[in-house]
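K.L.:
In case it helps, our numbering puts the sequence shown at residues -8 to 345. A virtual CB, placed ideally from N, CA and C, is assigned to each residue, including glycine. This structure is in structure tokens; I'll ask about it shortly.
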Amino acid sequence: MGTKVIKENQVATNGAVNTEINYQTGKAFDAKTYLQWYELMYKARRFEEMAGMLYGEQKFRGFCHLYIGQEALAAGSISATKPSDALITAYRCHALGIAKGITCNEAMAELYGKATGCSKGKGGSMHFFSKEHNFYGGHGIVGAQIPLGAGIAFADKFKGNDNVTLCFFGDGAAWQGALHESFNLASLWKIPVIFICENNGYAMGTSVKRSTRVMNFYKLGEVYEIASEQVDGMSCEAVHNAIARGVERGRKGEGPTFLEIKTYRYKGHSSSDPQKYRTKDEVEAYKKLDPIETIKATILKNKFATAAAIEAMEERIGEEIDACVKFAEESPFPDNAELLKDIYAEDHYPFITD
Ligand SMILES: Cc1ncc(C[n+]2csc(CCOP(=O)(O)OP(=O)(O)O)c2C)c(N)n1
Ligand SMILES: [Mg+2]
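In structure tokens, the structure reads:
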């Protein structure tokens, strides 16, 4: 059951994990994996920095919740899974959507509410979606995606394939009844789902300490006889290995996994958050553990790539981000005829078939 536990309220440290062995290969992580992690996290970070700036300039409306600081969860999840594995998450969905294969063009156009967006401009920041890449949203109701994730995984089991579903939610969702109902049935029916609690310490302005006495969330899984772990979310290596263990369990028919991944968001809950509930020192302490900087240092230290090659990659991504803004601005808004589409599977009333 719980294999690795980070002490209560302790800032997760990633100092020693760079030499950690890849759980699947039994060897150190290779150059290709480090470069894949770096590229993905750097792209997500640059995309969101641009999105935050444009939102501040009121180029697009609605909400804008950024994943900045939490990118190692996206990187480690993708390297440990295959494209046919499903992923579902809450409203903080930009980085995970991009990790699953949504392009920067489709993502930025969605923020702008344009027809070329990944949800045809009808979802916005909180509701990225891509059937093509098995990315099932982008959900605004806290905890609502937990039973949906279990249901997607149930469908895969029913169809007899070996896909595993990654179901993300925040620490604020842990006390929703839907989580407990889903955990119970997923365990009972051995559903191939990995429940992932992104424990970033806060639900809007409410710290975990103010909402519960349970400081080790991973224990919630153990109550339902689900294999559970607490994971350092500032480490791509640790995230990859924990997800890989869950994937193996799911593919073998051994049922669900619950990961409490300790992470941190550097920005406010959404773009209109004065952040009075935490100190600047706390934010700075976590920034010192930044997964992007850590992975870059590992790449350079091990000579997996030269500084010039990394710079060239960064420049290429920078151009991709600039281009996606132009693409979004020049794209059309959805047609009025789109308004009532994509609500029901059937085109016409009564919307129910036998
Ligand atoms: C059922 C429900 N209650 C309240 C809200 C308002 N709300 C939006 S986000 C949020 C905090 C959720 O925090 P957490 O789950 O930790 O996710 P994080 O924002 O940290 O990623 C709340 C209370 C909501 N969207 N849905
Ligand atoms: Mg939270």
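Any heavy atom of ligand 2 closer than 7 Å to the beta-carbon of D162?
P.N.:
One-based indexing of the sequence shown puts residue 162 at position 171. Yes - ligand 2 has a heavy atom lying nearer than 7 Å to the Cβ of D162.
K.L.:
Count the C-beta pairs between the stretch 192 to 203 and the stretch 231 to 248 that are closer than 8 Å, then say yes if the count reaches three, no if not.
P.N.:
Result no; under three Cβ-Cβ pairs closer than 8 Å.
K.L.:
To which residues does DSSP link T81 through a beta bridge?
P.N.:
One-based indexing of the sequence shown puts residue 81 at position 90. Note on identity: in this sequence residue 81 is Ala, with Thr being the wrong assignment. In the DSSP output, where bridge partners are listed per residue, A81 has H130.
K.L.:
Name the DSSP beta bridge partners of Q136, please?
P.N.:
In the sequence shown, residue 136 corresponds to position 145, counting from 1. Partner(s): none; Q136 has no beta bridge.
K.L.:
Can you tell me whether N327 is buried or exposed? The criterion is at least 16 other CB atoms within 10 Å of its CB, across all chains shown.
P.N.:
Start at 1 with the first residue of the sequence shown, and residue 327 comes out as number 336. Exposed.
K.L.:
When you measure from the CB of Y127 to every non-hydrogen atom of ligand 2, does any distance come out below 7 Å?
P.N.:
Numbered from 1 along the sequence shown, position 136 holds the residue referred to as residue 127. The answer is no for Y127.
K.L.:
For G104 and F51, what's the separation of their Cα atoms in angstroms?
P.N.:
Locating residue 104 in the sequence shown gives position 113, counting from the first residue. Locating residue 51 in the sequence shown gives position 60, counting from the first residue. Spanning the two alpha carbons is a distance of roughly 8 Å.
K.L.:
Under a Cβ-count criterion, where at least 16 other Cβ atoms within 10 Å of its own Cβ denotes burial, should A303 be classed as buried or exposed?
P.N.:
Position 312 of the sequence shown, counted from the first residue, corresponds to residue 303. Exposed, because fewer than 16 other Cβ atoms sit within 10 Å of the Cβ of A303.
K.L.:
With a CB to CB cut of under 7 Å and the five nearest residues on each side skipped, what residues in its chain are close to I187?
P.N.:
In the sequence shown, residue 187 corresponds to position 196, counting from 1. Excluding positions up to five away in sequence, the list reads L157, C158, F159, L250 and I252.
K.L.:
Could you tell me if P282 is buried or exposed, where buried requires 16 or more neighbouring beta carbons within 10 angstroms of its beta carbon?
P.N.:
The residue you call residue 282 lines up with position 291 of the sequence shown. Its Cβ being crowded by 16 or more others within 10 Å, P282 is buried.
K.L.:
Tell me N190's beta-bridge partners as DSSP assigns them.
P.N.:
Taking the sequence shown and counting its residues from 1, one reaches residue 190 at position 199. Looking at the DSSP assignment, N190 forms a beta bridge with K253.
K.L.:
Leaving aside the five residues before and after C84 along the sequence, list all residues of the same chain whose C-beta is less than 6 Å from its C-beta, in chain order.
P.N.:
Here residue 84 refers to the residue found at position 93 of the sequence shown. Within the same chain, C84 has close Cβ partners F119 and G129.
K.L.:
Since I believe P323 is in contact with A106 (beta carbons under 8 Å), could you give me their beta-carbon distance rounded to a whole number of angstroms?
P.N.:
Within the sequence shown, the letter at position 115 stands for residue 106. Within the sequence shown, the letter at position 332 stands for residue 323. Right, their Cβ atoms sit about 5 Å apart.
K.L.:
Helix, strand or coil, according to DSSP, for T(-6) in the structure here?
P.N.:
As a first step, residue -6 must be located in the sequence shown, where it is residue number 3. Caution is warranted here: a pLDDT of 43 is assigned to T(-6), below 50, making its placement in the model unreliable, and the coordinate value is therefore given only provisionally. In the structure shown, T(-6) sits in coil (DSSP, three-state: anything other than H, G, I, E or B).
K.L.:
Just checking Y255 against ligand 2 - is the residue's beta carbon closer than 7 Å to any of the ligand's heavy atoms?
P.N.:
By 1-based counting over the sequence shown, the position of residue 255 is 264. It does not: the Cβ of Y255 is nowhere closer than 7 Å to a heavy atom of ligand 2.
K.L.:
What does a CB cutoff of less than 7 Å around Y340 pick up in its chain, not counting 5 residues either side in sequence?
P.N.:
As a working mapping, residue 340 is identified with position 349 in the sequence shown. Within the same chain, Y340 has no close Cβ partners at all.
K.L.:
Can you tell me which of Y29, D264 and G246 puts its alpha carbon nearest to the alpha carbon of A141?
P.N.:
Against the sequence shown, residue 141 aligns to sequence position 150. Minimum Cα distance to A141 is reached at G246.
K.L.:
Check whether the stretch 176 to 185 and the stretch 132 to 152 are in contact - that is, three or more C-beta pairs closer than 8 Å.
P.N.:
As far as the Cβ criterion goes, the stretch 176 to 185 touches the stretch 132 to 152, which means the pair count is three or higher.
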